[in-house]
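Protein chains in written order, with this note's numbering: chain A, 53 to 264; chain B, 53 to 264.
Structure follows, in structure tokens:
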């Protein structure tokens with residue numbers, strides 16, 4: 053192992069893809085809503101359209117109706133965790149502070165956590181830092197608000213790009229690939245792009261690697 | 053009851069005095085540390101000195117040594133909840149979002165919560181808003197980050213002044229007096245200064261009044 057768990061005080065988590073399975077959640081939501089007759093098929097049949105709409109929200113691109121934005125918000129507030137997420141976080145929380153470091157806004161992450169039972173100690177990241185990842189302020193404000201130096205924080209993400217940014221600002225890095233994030237045959241990051249401090253198979257694997 | 057619980061989405065909590073018993077915690081801490089020989093009596097025998105030092109930290113007044121500040125931080129991170137706090141919050145959490153709206157910084161509130169088992173959904177308030185109570189930004193930024201209008205938030209505090217500020221910015225108000233906050237014979241707010249939306253006896257009483 054390239055890291056001493058004793059040097060880490062907090063784990064900071066990317067959320068979309070890393071903690072929750074946004075693609076399957078959105079597809080299932082679409083299927084259920086279509087079955088119930090609540091919406092037409094064309095509204096939710098394409099997860100890429102949903103991913104685009106999420107970006108519109110995250111980056112405050114306007115032009116959508118209030119009803120459309122509300123609808124999108126409600127869907128993304130209902131994302132489901134990966135199966136290993138809740139038991140893994142529960143193990144990790146015994147030893148480490150668990151904070152979100154997501155581009156998702158506070159209300160979205162809070163509502164998702166309440167529904168899915170995600171035991172965050174703090175919801176931080178882009179909105180609190182007033183800068184989106186991969187900007188340095190998103191990472192460094194999160195560490196500072198936890199009262200920690202960057203190297204006392206371990207960024208956990210399924211995305212090499214997120215870890216590259218975190219590493220450049222002094223955080224330690226844990227790569228937890230989610231091979232099916234983009235569905236079967238999708239282009240998820242399955243291999244570490246660099247020699248990250250930790251590479252683990254799911255949150256159970258992460259907990260084991262960190263001695264929890 | 054002057055309030056419809058259905059109109060409330062979130063409870064925002066003052067922490068020092070309202071959620072935790074800072075006076076007894078600091079006294080007990082002082083006694084224990086003196087008994088163990090860790091520090092001399094003069095260091096912690098006066099809770100008012102500790103309260104003053106806490107204000108120095110809250111308001112970023114410098115001049116203390118790093119060791120002194122660290123020591124103070126550790127003591128305040130170990131504050132004990134009132135006996136009704138954890139069971140009351142647990143009941144309230146089933147129905148409402150629970151967020152801190154304290155002048156305490158994020159790290160302090162997070163460490164306190166981990167030790168005491170306080171089930172916050174979000175740690176917000178002064179540091180996140182970058183303004184201290186009773187400034188309007190502390191209250192309104194907290195509501196906005198929860199994705200709520202001020203009137204969808206119920207400010208819970210043992211202090212009439214905190215509620216007066218919250219009310220002036222549109223939040224609803226719940227007064228939960230803590231008569232012994234300043235010790236036997238101390239000058240705590242024991243009576244509501246105004247017709248607050250809710251007046252409750254402890255967090256169990258608050259949960260009952262809100263239908264939890």
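All C-beta atoms in this analysis are idealised placements derived from N, C-alpha and C, irrespective of residue type, glycine included.
All values reported here derive from a predicted model rather than from experimental measurement.
Contact list for residue i against chain A, beta-carbon separation under 7 Å
i: residue 179 of chain B; result: 197
i: residue 72 of chain B; result: By Cβ distance, chain A contributes nothing, its closest Cβ being about 17 Å from residue 72 of chain B, past 7 Å.
Extent of the continuous beta strand (DSSP E) to which residue i belongs
i: residue 177 of chain B; result: 174-177
i: residue 59 of chain A; result: Unbroken run through residue 59 of chain A: none, as it is neither H nor E.
i: residue 152 of chain A; result: 149-154
i: residue 224 of chain B; result: 224-227
i: residue 208 of chain B; result: 205-209
Best match in the options for proximity to residue i [C-alpha to C-alpha]
i: residue 210 of chain B; options: B:243, B:256, B:116 and B:146; result: B:243
i: residue 222 of chain A; options: A:110, A:214 and A:229; result: A:214
i: residue 187 of chain A; options: A:197, A:175 and A:153; result: A:153
i: residue 198 of chain B; options: A:139, A:220 and A:165; result: A:165
i: residue 71 of chain B; options: B:261, B:191, B:253 and B:260; result: B:253
i: residue 158 of chain A; options: B:173, B:59, B:224 and B:76; result: B:173
i: residue 76 of chain B; options: B:260, B:235, B:127 and B:180; result: B:235
i: residue 68 of chain A; options: A:251, A:230 and A:238; result: A:230
i: residue 155 of chain A; options: A:146, A:112, A:134 and A:136; result: A:112
i: residue 219 of chain A; options: A:245, A:239, A:237 and A:241; result: A:245
i: residue 208 of chain A; options: A:200, A:228 and A:201; result: A:228
i: residue 241 of chain B; options: B:137, B:57, B:212 and B:201; result: B:212
i: residue 224 of chain B; options: B:239, B:134 and B:251; result: B:251
i: residue 184 of chain A; options: A:110, A:260, A:105 and A:59; result: A:110
i: residue 135 of chain B; options: B:170, B:57, B:63 and B:237; result: B:170
i: residue 233 of chain B; options: B:145, B:58, B:56 and B:133; result: B:133
i: residue 127 of chain A; options: A:105, A:192 and A:178; result: A:105
i: residue 163 of chain A; options: B:55, B:260 and B:146; result: B:146
i: residue 63 of chain B; options: B:178, B:200 and B:115; result: B:200
CB of residue i within 8 Å of CB of residue j, strictly
i: residue 148 of chain B; j: residue 61 of chain B; result: yes
i: residue 264 of chain B; j: residue 167 of chain B; result: no
i: residue 150 of chain B; j: residue 255 of chain B; result: no
i: residue 262 of chain A; j: residue 140 of chain A; result: no
i: residue 248 of chain B; j: residue 226 of chain B; result: yes
i: residue 160 of chain A; j: residue 74 of chain A; result: no
i: residue 181 of chain A; j: residue 190 of chain A; result: yes
i: residue 176 of chain B; j: residue 194 of chain B; result: yes
Interface partners of residue i on chain B, CB under 9 Å
i: residue 166 of chain A; result: 145, 149 and 173
i: residue 138 of chain A; result: Residues of chain B passing the Cβ test: none, with the nearest at roughly 15 Å.
i: residue 109 of chain A; result: Those within 9 Å of residue 109 of chain A in chain B number zero; the least Cβ separation is about 12 Å.
Element boundaries [alpha helix (DSSP H), containing residue i]
i: residue 193 of chain A; result: 188-197
i: residue 262 of chain B; result: Run containing residue 262 of chain B: none; DSSP gives neither H nor E here.
i: residue 214 of chain B; result: 212-220
i: residue 145 of chain A; result: 137-145
i: residue 245 of chain A; result: From DSSP, residue 245 of chain A is part of no alpha helix (DSSP H); its letter is neither H nor E.
i: residue 160 of chain A; result: 158-168
Beta-carbon neighbours of residue i, restricted to chain B and to distances below 7 Å
i: residue 217 of chain A; result: Going along chain B, no residue has its Cβ under 7 Å from residue 217 of chain A, so there is no contact; the nearest lies around 22 Å.
i: residue 208 of chain A; result: By Cβ distance, chain B contributes nothing, its closest Cβ being about 17 Å from residue 208 of chain A, past 7 Å.
i: residue 242 of chain A; result: In chain order: nothing, as chain B lies at least about 33 Å away.
Closer than 8 Å at the beta carbon, the chain B residues around residue i
i: residue 159 of chain A; result: 197, 198, 199 and 200
i: residue 67 of chain A; result: Ordered by position in chain B, no residue passes the 8 Å Cβ test against residue 67 of chain A, which lies about 14 Å from the chain.
i: residue 250 of chain A; result: Those within 8 Å of residue 250 of chain A in chain B number zero; the least Cβ separation is about 22 Å.
i: residue 228 of chain A; result: Those do not exist, as residue 228 of chain A stays about 23 Å from chain B at its closest Cβ, beyond 8 Å.
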